[in-house]
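Each remark here refers to the structure printed beneath this line.
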Amino acid sequence: MIVLRSLIFNLLFFSATALVVLLGWPALLVGRPAVMWVRRNWINLMLATTRWVAGIQLEIRGAEHLPSEPVIFAAKHQSAWEALFLNELLNEPAIVLKRELTRIPIFGAFINGSGMVPIDRSDGLAALKLIVRAARPVIDGGRSILIFPQGTRVAPGDHKPYQPGVFALYRTLRVPVVPIALNSGMFWPRNAFWKRPGTVVVEVLPPIPPGLDRDAFIARLEEVIETATTRLEAEAARQLGVSPP
Numbered sequence: 000m001i002v003l004r005s006l007i008f009n010l011l012f013f014s015a016t017a018l019v020v021l022l023g024w025p026a027l028l029v030g031r032p033a034v035m036w037v038r039r040n041w042i043n044l045m046l047a048t049t050r051w052v053a054g055i056q057l058e059i060r061g062a063e064h065l066p067s068e069p070v071i072f073a074a075k076h077q078s079a080w081e082a083l084f085l086n087e088l089l090n091e092p093a094i095v096l097k098r099e100l101t102r103i104p105i106f107g108a109f110i111n112g113s114g115m116v117p118i119d120r121s122d123g124l125a126a127l128k129l130i131v132r133a134a135r136p137v138i139d140g141g142r143s144i145l146i147f148p149q150g151t152r153v154a155p156g157d158h159k160p161y162q163p164g165v166f167a168l169y170r171t172l173r174v175p176v177v178p179i180a181l182n183s184g185m186f187w188p189r190n191a192f193w194k195r196p197g198t199v200v201v202e203v204l205p206p207i208p209p210g211l212d213r214d215a216f217i218a219r220l221e222e223v224i225e226t227a228t229t230r231l232e233a234e235a236a237r238q239l240g241v242s243p244p
């Protein structure tokens, strides 16, 4: 059953994405509001497909920590799932993402038209300067920023260091960082064809106020995200009847 549901889901996901990109390109001529409308409806369609076809449900914890003012969201990244869902939960933040995505024909134009923050991860210090320069007008315009502090998807149970980009934003923008833990990779694994039905939990954690030095900030951010993520992965493992990663 999982194989069949995954097959149907992947067919619908890629065909619907291609159709939306082809039919929605005139929005690029209108401007960002039209691009965001197309993007929002595509995401809602994909979330419905995820729920009803793949059988992946959602539970949100810690919603009381979602702010009314613009902040930096620092989220665990295990799967493509959060790239879809967090957009809606966090009120369409500007996402720090790899520049390669902007080079995909038409699709990349939608990313650029959505006001995201693309970076070339191989540029080192230049990439950090670009993040900070691009992020300031986003925050000043009343929009939050979403960054995946490890810089890539990390499978459940694996560990990668937290990169300096999140601290560069925290130090320069002087707004709170809201950590987010999740267990999406237990149900939608990285680079895997199959999807496991179950309930993804997204947990919004208490914000980290401005003013910490680099070592204290990174240590606190990593500790709260990784501790909560390990707990959520164990919950998912019990759902699935497998050993924790």
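Numbering-wise, numbering that gives the first Met the number 0 puts 33 at position 34 of the sequence shown, and it's gapless, one number per residue. Cβ coordinates follow ideal geometry from the N, Cα and C atoms, glycine included. Computed from a prediction, not measured in an experiment: that's the story for all the values here.
| Asked | Found |
| --- | --- |
| Identity of the residue in D157, I71, A62 and K128 nearest V201 by Cα | A62 |
| CB contact flag (A73, I138, <8 Å) | no |
| Cutoff 8 Å; reference G164; Cβ partners in own chain excluding five residues on either side | V95, I118, A126, L127, I130, I146, P148 and G150 |
| N- and C-terminal bounds of the beta strand (DSSP E) containing A218 | It is not in any beta strand (DSSP E) - A218 instead sits in the alpha helix (DSSP H) that spans R213 to L239. |
| Closest by C-alpha distance to G141, when choosing among A108, R213, P205 and L172 | L172 |
| Whole beta strand (DSSP E) elements within the region 109-193, 3-residue minimum | 116-118, 144-146 and 176-181 |
| For P66, the nearest candidate out of N190, P178 and A236 (CA to CA) | P178 |
| Residue burial classification, G112 (beta-carbon count within 10 angstroms, cutoff 16) | buried |
| N9 at chain D interface by Cβ criterion, 8 Å | No chain D is part of this structure, which consists of one protein chain only. |
| Cβ neighbour criterion (16 or more within 10 Å) applied to P92 | buried |
| N-terminal and C-terminal residue of the beta strand (DSSP E) that I55 is part of | I55 to R60 |
| Unbroken beta strand (DSSP E) run spanning E202, endpoints | G197 to V203 |
| Opposing strand residues paired with A17 [DSSP bridges] | Answer is none; A17 lacks a bridge partner. |
| Proximity winner among L168, W80, V19 and A33, relative to P208 (alpha-carbon distances) | L168 |
| Beta bridge counterpart(s) of A74 as assigned by DSSP | I179 |
| Simplified DSSP state of A245, which is helix, strand or coil | With the chain represented from 0 up to 244, any question about residue 245 goes unanswered, as that position is not in the structure. |
| Opening and closing residue of the beta strand (DSSP E) in which V95 lies | A93 to K97 |
| Backbone CA spacing between V199 and E58 [nearest angstrom] | 6 Å |
| Span of the alpha helix (DSSP H), counted from its first residue to its last, around W36 | R31 to W51 |
| According to DSSP, residues forming a beta bridge with I1 | In the DSSP output, where bridge partners are listed per residue, I1 has none listed. |
| Local conformation of I207 per DSSP, three classes | strand |
| Member of L3, L44 and E225 whose CA lies at the smallest distance from the CA of L18 | L44 |
| Through-space distance from A133 to H76, alpha-carbon basis | 22 Å |
| Three or more C-beta pairs below 8 Å linking the region 175-192 and the region 229-239 | yes |
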